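Residue numbers (our numbering), protein chains in the order written: chain A, 283 to 602; chain B, 283 to 602. Report on the following structure.
2 protein chains.
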Amino acid sequence: MSAEFDLIRRHFVRPMRHSALGPGDDCALIAPRPGHELAVTSDMLVSGTHFLPGTDPRRLGWKTLAVNLSDLAAMGAAPRWVTLAVSLPQVDDDWLKAFADGFFDCAARFGADLVGGDTTRGPLSLCVTAIGEIAHGAAIRRSGARDGDHIWISGQPGQAALGLAALRGTVQLDGDARASCVAALEQPQPRVALGGALTGLASAMIDVSDGLLADLGHIARASRLSATIHDDALPWQTLQSACGDQGAVRDALLAGGDDYELLFCAPASAHDALRALSRQLALPLTRIGTMDAGTPSRVRLTDLCGRELAVTRRGYDHFS
Amino acid sequence: MSAEFDLIRRHFVRPMRHSALGPGDDCALIAPRPGHELAVTSDMLVSGTHFLPGTDPRRLGWKTLAVNLSDLAAMGAAPRWVTLAVSLPQVDDDWLKAFADGFFDCAARFGADLVGGDTTRGPLSLCVTAIGEIAHGAAIRRSGARDGDHIWISGQPGQAALGLAALRGTVQLDGDARASCVAALEQPQPRVALGGALTGLASAMIDVSDGLLADLGHIARASRLSATIHDDALPWQTLQSACGDQGAVRDALLAGGDDYELLFCAPASAHDALRALSRQLALPLTRIGTMDAGTPSRVRLTDLCGRELAVTRRGYDHFS
Chain A
283 MSAEFDLIRR HFVRPMRHSA LGPGDDCALI APRPGHELAV TSDMLVSGTH FLPGTDPRRL
343 GWKTLAVNLS DLAAMGAAPR WVTLAVSLPQ VDDDWLKAFA DGFFDCAARF GADLVGGDTT
403 RGPLSLCVTA IGEIAHGAAI RRSGARDGDH IWISGQPGQA ALGLAALRGT VQLDGDARAS
463 CVAALEQPQP RVALGGALTG LASAMIDVSD GLLADLGHIA RASRLSATIH DDALPWQTLQ
523 SACGDQGAVR DALLAGGDDY ELLFCAPASA HDALRALSRQ LALPLTRIGT MDAGTPSRVR
583 LTDLCGRELA VTRRGYDHFS
Chain B
283 MSAEFDLIRR HFVRPMRHSA LGPGDDCALI APRPGHELAV TSDMLVSGTH FLPGTDPRRL
343 GWKTLAVNLS DLAAMGAAPR WVTLAVSLPQ VDDDWLKAFA DGFFDCAARF GADLVGGDTT
403 RGPLSLCVTA IGEIAHGAAI RRSGARDGDH IWISGQPGQA ALGLAALRGT VQLDGDARAS
463 CVAALEQPQP RVALGGALTG LASAMIDVSD GLLADLGHIA RASRLSATIH DDALPWQTLQ
523 SACGDQGAVR DALLAGGDDY ELLFCAPASA HDALRALSRQ LALPLTRIGT MDAGTPSRVR
583 LTDLCGRELA VTRRGYDHFS
């Protein structure tokens with residue numbers, strides 16, 4: 283038996299719930315339930331670009347899958363099947379076991395089967411393709427926002443960026459705040475239940491991976507609308523109590539990536555349903571602004587008086 | 283607009299034929315036709331491991347997709363949707379254009395839509411997930427071979443390995459032979475039409491990516507049978523006329539990966555249908571051995587008198 287085959291079998295073959303045929307053949311075999319279509323997304327995580335070398339492998343395994351499940355959540359799709367391709371400089375059994383444990387923790391938590399993949403020698407990088415199921419026609423696209431829709435954000439965006447800044451030593455956080463910010467960075471929680479519950483309520487949605495303003499720009503562009511964020515409505519409090527550096531806090535919330543919170547638009551009529559959903563999921567949902575028919579693709583930040591505030595950075599771009 | 287977004291739009295967004303929603307949202311949306319299931323496969327190609335640095339980007343684009351479509355072919359599935367994740371050290375517009383042209387040449391040739399993906403900064407590597415459609419229950423697995431089945435191989439295995447040896451300077455090939463062997467390495471032809479036509483004829487199938495004997499071992503193991511290859515039945519002639527180094531020729535055909543020919547088992551009763559299919563597709567199909575109920579997982583090579591021949595190497599393993 284080849285070393286590669288043995289490696290895959292030892293670490294990456296676990297029982298499956300949704301799949302006709304899983305790892306070990308040329309392909310996996312899957313099928314959506316009647317009346318459903320499939321949402322498909324791929325993300326590659328590269329050492330030094332998406333995570334710091336030396337990141338705890340168990341947390342990295344979780345995150346590698348979580349960022350992909352977040353893309354499914356951002357369409358309202360339920361996770362079903364995933365593939366994983368791993369490039370490794372060498373076989374380190376302890377590292378692989380921990381990585382696989384984290385990956386399967388996340389898979390089990392959100393109901394995804396690992397159905398196939400690839401292992402190869404090379405610089406450390408990880409590529410997941412996630413396939414989710416959604417009722418035909420129910421997917422929430424970026425392009426569906428309407429003039430007058432409210433803009434909402436889930437959870438506490440900005441923590442992951444503060445966590446990264448703390449790991450890099452550019453900000454100081456106290457013990458508890460540091461732990462929760464680093465956890466937000468290294469073990470993000472894909473908002474799968476929220477995404478699924480928002481079908482029929484949200485008109486447009488995206489997950490915040492590159493930065494709140496940058497990702498809102500994607501909705502504004504796809505929906506051909508303007509977006510206005512009310513600075514005072516943003517959830518500043520947790521970040522401000524964690525960190526005294528107000529510049530770092532503003533940058534983290536407005537332009538920090540890697541939180542994987544859901545940013546969505548919904549008509550005013552959905553307000554009460556969203557409040558009830560927030561209580562049901564025990565997950566904060568904050569109304570932070572409004573879509574309007576102004577300059578398409580524009581994203582503005584305004585103060586209480588409606589005056590536009592300057593923004594130095596809107597998000598992260600690997601190639602800028 | 284971000285540089286990454288612009289990069290994707292400029293090179294990787296082309297018209298689609300099978301997809302409800304393609305690149306540009308959090309996920310693509312796809313659905314199989316009624317009565318069909320989906321075959322899913324992922325492969326990662328890493329510079330220096332799977333291809334030589336400096337490989338022509340157009341050929342690399344073709345191969346990146348072709349090796350995945352070959353996995354679909356090896357189940358009998360028809361290519362439909364693919365995602366592509368690219369890690370790049372820097373943005374080189376000419377390289378990307380050539381890579382995309384090769385990738386889309388292959389996609390158009392075999393009817394696949396590029397529906398999503400990712401671009402990121404990092405060492406050059408390429409990860410494709412390919413999704414194909416197949417009539418429910420018709421997929422050809424590795425595990426279906428029966429005692430007495432004939433073993434067949436398509437095309438001319440071994441050319442890609444000779445091409446790699448020629449590029450590395452370890453063998454000398456004359457001009458025409460060198461060109462065809464390097465083309466077999468850099469622009470492999472996934473046997474999509476053959477794979478689809480073999481549903482109902484072949485009992486087990488795999489594509490030769492790691493080496494003929496190694497890949498036959500996967501069928502033998504999955505089918506719990508023994509496999510015997512008749513050395514004299516193997517298609518030696520083209521390789522022997524291309525290269526005077528008999529050791530290199532033997533190693534290329536028996537253990538050379540990267541040809542992406544289909545290796546399959548079929549009952550004796552399928553013989554005439556396979557001969558007719560070979561003529562119809564203008565693709566050689568060679569009967570090279572027999573499956574039997576001997577020691578499970580064993581793959582033997584025998585001479586005309588049935589004596590076992592020694593084999594030094596059976597295939598390529600990234601981690602051995």
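All C-beta atoms in this analysis are idealised placements derived from N, C-alpha and C, irrespective of residue type, glycine included. It should be emphasised that the depicted structure is a prediction, and the values quoted were computed from it without experimental measurement.
Against chain A, with Cβ distances strictly below 8 Å, would residue i count as a contact?
i	result
Trp434 of chain B	no
Leu354 of chain B	yes
Met357 of chain B	yes
Trp518 of chain B	no
Met298 of chain B	no
Leu591 of chain B	no
Ser369 of chain B	yes
Ile488 of chain B	yes
Ser324 of chain B	yes
Arg424 of chain B	yes
Arg292 of chain B	no
Leu342 of chain B	no
Leu303 of chain B	yes
Trp377 of chain B	no
Thr594 of chain B	no
Taking the alpha-carbon of residue i as reference, which of the options has the nearest alpha-carbon?
i	options	result
Asn350 of chain A	B:Ala310, B:Val373 and B:Leu455	B:Ala310
Arg295 of chain B	B:Ala466, B:Asp395, B:Pro361 and B:Cys388	It is Val, not Arg, that sits at residue 295 of chain B in the sequence shown. Of B:Ala466, B:Asp395, B:Pro361 and B:Cys388, the residue nearest in Cα terms is B:Asp395.
Tyr542 of chain A	A:Gly526, A:Val410 and A:Pro439	A:Pro439
His332 of chain A	A:Leu408, A:Pro371 and A:Gln471	A:Leu408
Gly482 of chain B	B:Cys547, B:Ala530 and B:His500	B:Cys547
Leu635 of chain A	A:Leu583, A:Ala479, A:Asp527 and A:Asp497	Here chain A comprises residues numbered 283 to 602, so residue 635 of chain A is not present and cannot be evaluated.
Arg450 of chain B	B:Ala313, B:Gly330 and B:His300	B:Gly330
Ala271 of chain A	A:Pro371, A:Lys345, A:Ser505 and A:Leu583	In the structure as shown, chain A starts at 283 and stops at 602, and residue 271 of chain A therefore has no counterpart that could be examined.
Ser352 of chain B	B:His293, B:Ile413, B:Ala427 and B:Gly445	B:Ile413
Ala356 of chain B	B:Gly426, B:Pro297, B:Asp374 and B:Leu535	B:Gly426
Ala261 of chain B	B:Gly477, B:Leu476 and B:Ala448	With chain B covering 283 to 602 only, the question about residue 261 of chain B has no answer from this structure.
Ser551 of chain A	A:Gly430, A:Leu289 and A:Arg341	A:Gly430
Asp400 of chain A	B:Pro316, B:Gly457 and B:Met326	B:Met326
Ile416 of chain B	B:Glu319, B:Leu565 and B:Pro339	B:Glu319
Val397 of chain B	B:Ala367, B:Arg532, B:Pro566 and B:Arg423	B:Ala367
Quick one, are the C-beta atoms of residue i and residue j less than 8 Å apart?
i	j	result
Arg473 of chain B	Leu544 of chain B	yes
Ala537 of chain A	Arg580 of chain A	no
Ala359 of chain B	Ala421 of chain B	yes
Thr568 of chain A	Ala515 of chain A	yes
Asp574 of chain A	Ser523 of chain A	no
His300 of chain B	Trp363 of chain B	yes
Asp383 of chain B	Gly336 of chain B	no
Gly597 of chain A	Gly529 of chain A	no
Trp434 of chain B	Leu556 of chain B	yes
Pro314 of chain A	Ala313 of chain B	yes
In the DSSP assignment, what are the bridge partners of residue i?
i	result
Met573 of chain B	B:Ala509
Trp363 of chain A	A:Asp395 and A:Ile413
Thr584 of chain A	A:His512 and A:Glu590
Phe333 of chain B	B:Ser329
Ser407 of chain B	B:Val328 and B:Ser369
His500 of chain B	Partner(s): none; His500 of chain B has no beta bridge.
Ile488 of chain B	B:Leu545
Leu320 of chain B	A:Ile312 and B:Glu415
Asp458 of chain A	Bridge partners of Asp458 of chain A: none, in fact.
Arg435 of chain A	Residue identity differs from the one stated: residue 435 of chain A is Ile in this sequence, not Arg. The partner list for Ile435 of chain A (beta bridge, DSSP) reads A:Leu545 and A:Thr568.
Leu303 of chain A	A:Leu311
Looking at chain B, is there any beta carbon in it that lies within less than 8 Å of the beta carbon of residue i?
i	result
Pro314 of chain A	yes
Cys309 of chain A	yes
Glu415 of chain A	no
Leu320 of chain A	yes
Thr365 of chain A	yes
For the ligand PLP, any of its heavy atoms closer than 7 Å to the Cβ of residue i?
i	result
Val328 of chain A	Looking for the ligand PLP in the displayed structure turns up nothing, as the structure carries no ligands at all.
**Report entry** chain B contacts made by the segment 390 to 408 of chain A, where a contact means CB separation under 8 Å
**Finding:** Taken in chain order, the members of the segment 390 to 408 of chain A whose beta-carbon sits within less than 8 Å of a beta-carbon on chain B are Val397, Gly398, Gly399, Asp400, Thr401, Thr402, Arg403, Gly404, Pro405 and Ser407.
Query raised in the report: In chain order, what residues of the segment 327 to 338 of chain A put their CB closer than 9 Å to some CB of chain B?
Result: Within the segment 327 to 338 of chain A, Leu327, Val328, Ser329, Gly330, Thr331 and His332 place their CB atoms closer than 9 Å to a CB of chain B, listed in sequence order.
Query raised in the report: In the segment 469 to 483 of chain B, which residues sit with their C-beta less than 9 Å from some C-beta in chain A, listed in chain order?
Result: Within the segment 469 to 483 of chain B, not one residue has a Cβ closer than 9 Å to any Cβ of chain A.
Report task. Could you name the residues of the segment 544 to 562 of chain B whose beta carbon sits closer than 8 Å to any beta carbon of chain A, in the order they occur along the chain? Result -> Correct list: empty, as no residue qualifies.
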